[in-house]
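Here the structure comes first, spelled out in structure tokens, and everything after it is commentary.
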Amino acid sequence: MAEKIEYRGHLHDLQKDLMNDYFDQMTRSAQGEGSPAVYLLISGNPVELLRAFDLLPVYPEINALQTAVKKQALPFIQKAEELGYSTDNCAYVKADIGLFYSGNKAPMATVPPPGLLLTNYVGCNVYLHWWEHLAELTGAPIFDIDIPFLRSLDGEPSREDLQYVVRQLEELIPVLEKISGKKYDPDRLREVVQYSLETGEYWAKIKMMPQLKPAPYDAYFDAVTMMGPLYALRGTKEGRDYFRAAYEELQKRVALQEGPLPEEKYRLVIEGPPPWPYLRTFRDMFARWGAVFVASSYSTVGGLWEFGFRHDPSNPIESIAMHMLKWNLTNRNFLQRYAQLKSYVEDWNADGLVIHSVKSCRLFSAGQGDMREYFARELNVPTLLVESDLEDQRYFSPAQMRTRIDAFMESLEHHKLVGHQR
Amino acid sequence: MATAAMSEIEQVQDLTALVDGLRVLFEDPEFKVVSEIKRLTGKPIIGNFPVYSPVELFHAAGAHPVGLVGAGNQIEIAHADSRFQSFVCSVIKSTLELGLTDRLQDFEGIVFHSICDPARNLASVFKRNFPDKWVEYIHFPQNLVTESSVDYLENEYRRLLDRLQELTGKTVTNADVNNSIALYNTARSLMGTLYAFRRDHPHILTTRELYSLVRAGHILTVEEHIRLLEHALRLVRTKPGHERDHIRVILVGSFCEQPSLDLISAMEEAGLDILDDDFLLGRRWFTEDLPTDGNGVRTLASAYRDRSVISSVKHDSRRHKGDELVAQVKSSGADAVIVSVPKFCEPGLFDYAIYRRALLDAGIPHLFVEYEEKMWLFDKVQTEVETFVESLLLD
Ligand code: SF4
Ligand code: SF4
Chain A
0 MAEKIEYRGH
10 LHDLQKDLMN
20 DYFDQMTRSA
30 QGEGSPAVYL
40 LISGNPVELL
50 RAFDLLPVYP
60 EINALQTAVK
70 KQALPFIQKA
80 EELGYSTDNC
90 AYVKADIGLF
100 YSGNKAPMAT
110 VPPPGLLLTN
120 YVGCNVYLHW
130 WEHLAELTGA
140 PIFDIDIPFL
150 RSLDGEPSRE
160 DLQYVVRQLE
170 ELIPVLEKIS
180 GKKYDPDRLR
190 EVVQYSLETG
200 EYWAKIKMMP
210 QLKPAPYDAY
220 FDAVTMMGPL
230 YALRGTKEGR
240 DYFRAAYEEL
250 QKRVALQEGP
260 LPEEKYRLVI
270 EGPPPWPYLR
280 TFRDMFARWG
290 AVFVASSYST
300 VGGLWEFGFR
310 HDPSNPIESI
320 AMHMLKWNLT
330 NRNFLQRYAQ
340 LKSYVEDWNA
350 DGLVIHSVKS
360 CRLFSAGQGD
370 MREYFARELN
380 VPTLLVESDL
390 EDQRYFSPAQ
400 MRTRIDAFME
410 SLEHHKLVGH
420 QR
Chain B
0 MATAAMSEIE
10 QVQDLTALVD
20 GLRVLFEDPE
30 FKVVSEIKRL
40 TGKPIIGNFP
50 VYSPVELFHA
60 AGAHPVGLVG
70 AGNQIEIAHA
80 DSRFQSFVCS
90 VIKSTLELGL
100 TDRLQDFEGI
110 VFHSICDPAR
120 NLASVFKRNF
130 PDKWVEYIHF
140 PQNLVTESSV
150 DYLENEYRRL
160 LDRLQELTGK
170 TVTNADVNNS
180 IALYNTARSL
190 MGTLYAFRRD
200 HPHILTTREL
210 YSLVRAGHIL
220 TVEEHIRLLE
230 HALRLVRTKP
240 GHERDHIRVI
250 LVGSFCEQPS
260 LDLISAMEEA
270 GLDILDDDFL
280 LGRRWFTEDL
290 PTDGNGVRTL
300 ASAYRDRSVI
310 SSVKHDSRRH
320 KGDELVAQVK
330 SSGADAVIVS
340 VPKFCEPGLF
350 DYAIYRRALL
360 DAGIPHLFVE
370 YEEKMWLFDK
380 VQTEVETFVE
390 SLLLD
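In the order they appear, the protein sequences are chains A and B. Oh and the first sequence: position 28 is 27 in numbering that gives the first Met the number 0, straight run, nothing missing. Oh and the second sequence: position 242 is 241 in numbering that gives the first Met the number 0, straight run, nothing missing.
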């Protein structure tokens with residue numbers, strides 16, 4: 000079994016360039032040049048509104064995860080813990096608070112101070128706490144957008160929910176005018192939303208490709224590469240061009256029947272965020288078995304394009320509101336997530352489900368034992384639940400993880416041999 | 000109607016004995032008194048998970064709302080820990096365990112609220128595991144700056160009422176809602192009076208006693224709870240007490256998962272006079288009486304925004320938790336703060352960092368303790384409190 004495989008395609012290099020550019024913009028903003036920064040959160044966000052005012056979106060989640068990928072998060076986490084943050088609090092927040100207390104010098108950029116803290120409360124309750132702390136520490140103004148959770152029996156937002164969100168977005172506009180010093184221009188917003196529409200088109204097509212065999216890319220490990228531009232650059236021409244290029248590259252792979260591994264032996268679905276500090280290690284643990292992830296719930300935290308969402312330039316604000324309310328994973332209830340994963344297993348033709356349960360993120364993880372019950376017992380899908388963390392490397396134990404994964408893959412092999420195929 | 004437990008309690012003329020008698024109400028994982036109330040009133044039972052729940056609406060719709068806050072240290076967790084991981088707080092697991100062990104059979108429904116991510120996911124897990132139960136989830140507004148949050152919440156409450164009416168078959172009028180608001184106003188105001196009494200006389204009305212009186216309201220009907228509180232208030236006024244060599248503290252962080260009654264006692268006995276606390280905060284959510292002559296549903300919605308306590312599970316960027324805590328310490332004359340948070344409680348743990356900064360800045364001593372409802376041994380907490388008390392008494 001090969002231990003090390005090179006997964007890189009052109010889309011990875013292009014992503015790197017674009018993200019470096021984006022980080023340079025952050026550093027410039029920190030030096031007082033370029034656009035003022037607005038902090039916001041990944042899940043179902045209204046970045047289009049910021050782009051329409053030429054404001055720079057800054058995502059503390061991206062800063063935290065980039066720091067973790069470079070295995071440099073721990074000192075920041077520990078700094079926050081010294082200041083009273085608990086070992087049991089989300090480590091993204093701690094890494095960010097620690098970064099603040101260390102002069103905002105992240106490994107990839109200097110993080111600019113916020114001109115505005117925009118709390119797009121889409122599902123995660125920790126978001127509210129996080130921004131409350133940042134408001135206290137930075138003294139920046141805060142604007143909350145409350146997104147009612149999908150809680151009705153049919154899982155749809157109500158008319159009133161939509162009106163409530165639209166009203167808040169309308170109240171946000173004068174705030175953005177003030178921070179940017181620019182007048183609101185509906186045509187400019189429509190243009191931005193058009194870019195998001197096209198980006199979403201390409202991304203949705205990309206997300207459907209792994210239904211083919213072999214999957215042309217790994218819908219977890221390679222999808223996270225594409226998620227960077229999806230947030231940092233959505234609503235821009237560069238962002239749209241990136242997704243077009245990625246789509247075209249992947250289409251060529253489809254034509255050549257090429258996948259990310261020499262041979263696709265197993266098709267898996269994965270639930271939960273990745274262990275950023277051990278991303279590569281984690282990937283290799285599956286790759287050595289020829290296992291490819293064909294779908295992942297994590298890649299839909301920002302939006303559920305593959306299930307039909309598109310921004311609408313003819314109705315920009317309402318479509319942004321619907322994105323926040325309905326069309327992202329985090330604002331959907333846990334049973335809707337079960338249904339999404341079930342559809343991945345069935346429609347993406349998978350052999351099993353891996354649940355990566357991360358301590359930091361209870362939005363994802365709380366109750367995943369019940370999810371395992373549902374898939375393993377009720378649906379008879381081979382299911383593996385492993386625990387670690389998305390940010391704090393202390394919770395990842397490579398030897399233990401590998402043993403669990405190997406045991407699961409062996410049983411999956413057996414399962415396939417004796418013909419218990421789904 | 001009168002439950003047997005209440006009839007007995009009303010005979011007791013000694014507060015300490017009365018309070019001891021209340022334990023059977025809320026330390027009973029079989030919910031016998033709830034069954035009795037159900038039998039006597041014929042009302043459907045709805046369990047209200049913490050923190051705040053608009054109990055008035057349940058009452059107005061002809062249901063009996065029961066505060067359902069886990070199972071303390073009364074049961075073993077044998078099934079729920081395979082559904083919720085080790086890093087999730089205990090009240091989530093013990094509440095689910097109650098369901099998985101068939102102890103919630105008398106409950107027609109259960110309602111959860113937007114307090115934290117585990118509680119939200121628990122609502123879904125309940126739905127899946129108990130498909131015949133009426134399970135609801137209330138999303139409270141988290142943008143209290145905008146006026147439209149009141150419209151939103153009014154609509155949310157109307158949606159809830161619609162579903163409640165389907166369950167109970169009762170058509171709810173505005174007068175019903177206002178009548179319920181009036182009853183709960185009375186209960187809240189009696190609890191307020193008892194809280195004020197305890198602040199001034201913590202050696203007469205202990206926190207253990209006060210807590211039991213408030214907690215009884217989780218189980219009893221509001222009408223019976225009012226009678227209990229009135230009775231207790233009469234008794235407390237004549238109760239003797241001796242001043243103790245204790246430090247005076249404000250206790251925060253215990254708004255959701257509850258410490259056992261014995262843990263509360265252990266903390267008091269370790270040297271604390273607790274002047275104010277946030278135990279069972281949802282029952283004392285409003286800071287003043289609500290009007291009873293308006294659109295009742297709207298009254299509740301707007302009171303959530305403008306007449307309610309500050310809380311770790313209510314996001315209100317108009318207010319600062321640290322500043323309010325410091326102000327509370329100063330106005331009550333407390334010596335220190337105890338931040339006592341359930342293990343793994345994300346909202347409580349986050350707020351600790353805010354309290355800590357504010358208290359350090361203001362030069363107010365504090366002690367941070369973590370507990371779990373299921374704890375049986377309190378030596379560690381007790382020692383921590385004793386050491387803290389001694390350090391302050393020596394100063
Ligand atoms: S709890 Fe999860 S979604 Fe929320 S901030 Fe932390 S990692 Fe992000
Ligand atoms: S104790 Fe804390 S984490 Fe647990 S349910 Fe309550 S608020 Fe949520």
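A virtual CB, placed ideally from N, CA and C, is assigned to each residue, including glycine.
- DSSP places R306(B) outside both helix and strand once states are collapsed to three, so it counts as coil.
- Spanning the alpha carbons of D131(B) and L274(B) requires a straight line of approximately 44 angstroms.
- Between H112(B) and S52(B) the beta-carbon gap is near 6 angstroms, inside 8 angstroms, which marks them as a contact.
- CA-CA distance, A139(A) to I178(A), rounds to 11 angstroms.
- Listed along chain A are D87 and K358, each with a C-beta nearer than 7 angstroms to that of F86(B).
- Following the DSSP letters along the chain, one finds W133(B) inside the beta strand (DSSP E) bounded by residues W133 to I137.
- Counting only beta-carbon distances shorter than 7 angstroms to the non-hydrogen atoms of ligand 2, the qualifying residues in chain order are P49(B), V50(B), C88(B), V90(B), I91(B), I114(B), C115(B), P117(B), A118(B), C255(B), E256(B), V312(B), P341(B), F343(B), C344(B), E345(B), P346(B) and G347(B).
- The contact set of L121(B) on chain A, defined by CB atoms closer than 8 angstroms, consists of A365 and G366 in chain order.
- In chain order, the residues that have a beta carbon nearer than 7 angstroms to some heavy atom of ligand 1 are S42(A), E60(A), C89(A), Y91(A), V92(A), C123(A), V125(A), Y126(A), W129(A), P272(A), T329(A), S359(A), C360(A), R361(A), L362(A), F363(A), L389(A) and D116(B).
- Pairing L324(B) with L67(B), the inter-Cα distance amounts to about 28 angstroms.
- When Cβ-Cβ separations below 8 angstroms define contact, Y51(B) makes no contact with chain A.
- Segment contact: the stretch 262–282 of chain A against the stretch 169–188 of chain A, fewer than three CB-CB distances shorter than 8 angstroms; contact not assigned.
- Secondary structure note for R247(B): its beta strand (DSSP E) is the uninterrupted segment I246 to V251.
- The DSSP-derived three-state label of A361(B) is helix.
- According to the DSSP assignment, L136(A) belongs to the alpha helix (DSSP H) that extends over N124 to T137.
- D145(A) sits in a strand when the DSSP states are folded into three classes.
- Only residues of its own chain outside the window of five on either side were considered, and among them A70 and L103 have a CB closer than 6 angstroms to the CB of L97(B), listed in chain order.
- The CB of D369(A) comes closer than 8 angstroms to the CB of R82, F83, V124, R127 and N128 in chain B, given here in chain order.
- Following the DSSP letters along the chain, one finds R102(B) in no beta strand (DSSP E), marked with neither H nor E.
- Restricting attention to Y183(B), D80(B) and R22(B), the CA atom closest to the CA of Y210(B) is found in R22(B).
- For the stretch 166–182 of chain A, the residues whose beta carbon sits under 7 angstroms from a beta carbon of chain B are, in order, R166, Q167 and E170.
- For the stretch 212–267 of chain A, the full-length alpha helix (DSSP H) segments reaching 4 residues or more read 222–231 and 236–255 along the chain.
- The contact set of I353(B) on chain A, defined by CB atoms closer than 8 angstroms, consists of E131, H132 and E135 in chain order.
- Between G351(A) and V380(A) the beta-carbon gap is near 6 angstroms, inside 8 angstroms, which marks them as a contact.
- Per DSSP, I319(A) lies in no beta strand (DSSP E); the unbroken alpha helix (DSSP H) holding it starts and ends at P315 to L324.
- Contact check for L212(B) and A195(B): beta-carbon distance about 14 angstroms, past the 8 angstroms limit, so the pair fails to qualify.
- In this structure, F254(B) places its C-beta atom within 8 angstroms of the C-beta atom of V50(B).
- Taking 8 angstroms as the threshold, the shortest C-beta distance from L39(B) to chain A does not fall below it.
- Boundaries cannot be given for D153(A), as no alpha helix (DSSP H) includes it and DSSP labels it neither H nor E.
- For the pair of segments examined, the stretch 18–32 of chain A was found to touch the stretch 105–119 of chain A: the number of CB pairs separated by less than 8 angstroms reaches three.
- DSSP places N119(A) within a strand segment (E or B) once states are collapsed to three.
- Rounded to whole angstroms, L171(A) and S188(B) show a C-alpha spacing of 39 angstroms.
- Within the stretch 47–58 of chain A, no residue has its Cβ closer than 8 angstroms to any Cβ of chain B.
- Residues V248, I249, L250, V251, L324, V328, Y354, L358, I363, P364, H365 and L366 of the same chain have their beta carbon placed closer than 8 angstroms to that of V336(B), with the five preceding and five following residues left out of the count.
- Look at I354(A): its C-beta is not under 8 angstroms from any C-beta on chain B.
- Flagged as an interface residue toward chain B: L334(A), by a C-beta distance shorter than 8 angstroms.
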